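In terms of full-length UniProt numbering, the sequence shown has 255 at position 255, counting the first letter as 1, and numbering is strictly consecutive.
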Amino acid sequence: MAESKVWLVTGSSSGFGRSMTELLLKNGNRVIATLRRKEALCDLAEQYPPSQLLIVQTDVVKTSEVVAAFAKAKEVFGRVDVVFNNAGIAILGEMESMSDEDARQVFEVDFWGASNVTREAIRMFREVNKPIGGRLLQVSSSLGLCGIAAASYYAASKQALEGFSESLAQELDPAWNIQITIIEPGPFRTGIFRGNMQLVPQHPAYADPELPGSKFRQFMTSNLADGDTEKAVVVIEKLTHLDDPPLRFPLHRIAVRAGREKAKSLTETIDRYESWTENVYFT
């Protein structure tokens, strides 16, 4: 019987992270579950032995804590096979509604925090796991595909993560056997929809209820998110068994539609204006 895989899951206290942690443990995998408050997983710590579940208090923004989490994973389990890079926050509002402090905090966690985890994951896969390598699952958003009103900085942080991950995938030596997939979820009932989202006060210039930002705000405070994280993580886990996984994986009908609409719009724009670029070169 094949040895169980070792997963490191960030943001494991709720949402996708919690659902993935539960699924992996149920299936017999070994899990390093990182989160800011260890008590959030007390119930799982009572159900599973330390030989299967290692809970490490980690703030992904703090590089030293991320390094320590991977070091602890190596000490206890000897390696990490898959990293589910999921920790994030959502502070939402129109560009003029957001303070500099809030905007920078979004990037600090959703981009720089994810970058900290990515750096250690790549090092672990290359130096510890050779020649087996590893899988890196970057949790982005459908807003990483297409921006939306009242989420300008959040969308920007996710699009930054996607551009970073796409470039990184090209930097890696194929001999390292490291594969990256960007997960692009639509609206799922995660912690964001259960109180972990911060919706900043609306700038009065955008208060018209018919503006897209006002409609998005209404959606985000409703209970209309229909995605089930427990079902979604089953699909995400399947990606790690593919020999040639996709770089991007839109997850939800809204994410799929956003991807199709963006591809269509971009193609139409290129076709319409390509001729404008014909005489911009040195002769």
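We put the CB at the ideal spot given by N, CA and C, even for glycine. Predicted, not measured: the structure shown is a model, and the values here were computed from it.
- In this structure, residue 186 places its C-beta atom within 8 Å of the C-beta atom of residue 254.
- Here DSSP, grouped into helix, strand and coil, assigns residue 47 to helix.
- Looking at 117, 261, 230 and 213, the one whose alpha-carbon comes closest to that of residue 190 is 230.
- When the Cα atoms are used, residue 263 and residue 48 turn out to be separated by approximately 45 Å.
- CA-CA distance, residue 102 to residue 282, rounds to 45 Å.
- Comparing alpha-carbon positions, the option among 240, 214 and 65 lying closest to residue 205 turns out to be 214.
- Taking 8 Å as the cut-off, the beta carbon of residue 150 is found no closer than this to the beta carbon of residue 257.
- In terms of Cβ geometry, residue 202 and residue 75 do not form a close pair [threshold 8 Å].
- Around the beta carbon of residue 118, a 10 Å sphere encloses 16 or more other beta carbons of the protein chains shown; the residue is thus reported as buried.
- In the DSSP assignment, residue 90 forms a beta bridge with 197.
- Going by DSSP, residue 239 is part of the alpha helix (DSSP H) stretching over 229-239.
- Of all alpha-carbon atoms in 170, 251 and 144, the one lying nearest the alpha-carbon of residue 160 is that of 144.
- Distances from the CA of residue 241 to each of 163, 228 and 136 were compared; the closest alpha carbon is that of 136.
- Exposure of residue 274 is indicated by the presence of fewer than 16 other C-beta atoms within 10 angstroms of its C-beta.
- Residue 61 and residue 182 have their alpha carbons spaced roughly 20 Å apart.
- The closest CA to that of residue 3, considering only 177, 79 and 123, is found on 79.
- Between the stretch 126-133 and the stretch 167-179, the count of Cβ pairs shorter than 8 Å is three or higher; the stretches touch.
- In the structure shown, the three-state DSSP call for residue 202 is coil.
- A straight-line Cα-Cα distance of about 16 Å links residue 98 and residue 110.
- Measuring C-alpha to C-alpha distances from residue 165 to each of 153, 180 and 152 identifies 180 as the nearest.
- Here the C-alpha atom of residue 19 lies approximately 45 Å from the C-alpha atom of residue 272.
- Distance from the CA of residue 227 to the CA of residue 14, rounded to the nearest whole angstrom, comes to 14 Å.
- Straight through space, the alpha carbons of residue 152 and residue 207 are spaced by roughly 16 Å.
- Spatial neighbours of residue 35 in its own chain (CB-CB distance under 6 Å, excluding positions within 5 residues in sequence) are listed in chain order as 12 and 13.
- Excluding five sequence positions before and after residue 225, the CB atoms of its chain that fall closer than 7 Å to its own CB belong to 187, 188, 189 and 193, given in chain order.
- Beta-bridge analysis with DSSP links residue 109 to no other residue.
- CA-to-CA, the gap between residue 23 and residue 140 works out to about 20 Å.
- Under DSSP, residue 85 forms a beta bridge with 138.
- Following the DSSP letters along the chain, one finds residue 68 inside the alpha helix (DSSP H) bounded by residues 63-77.
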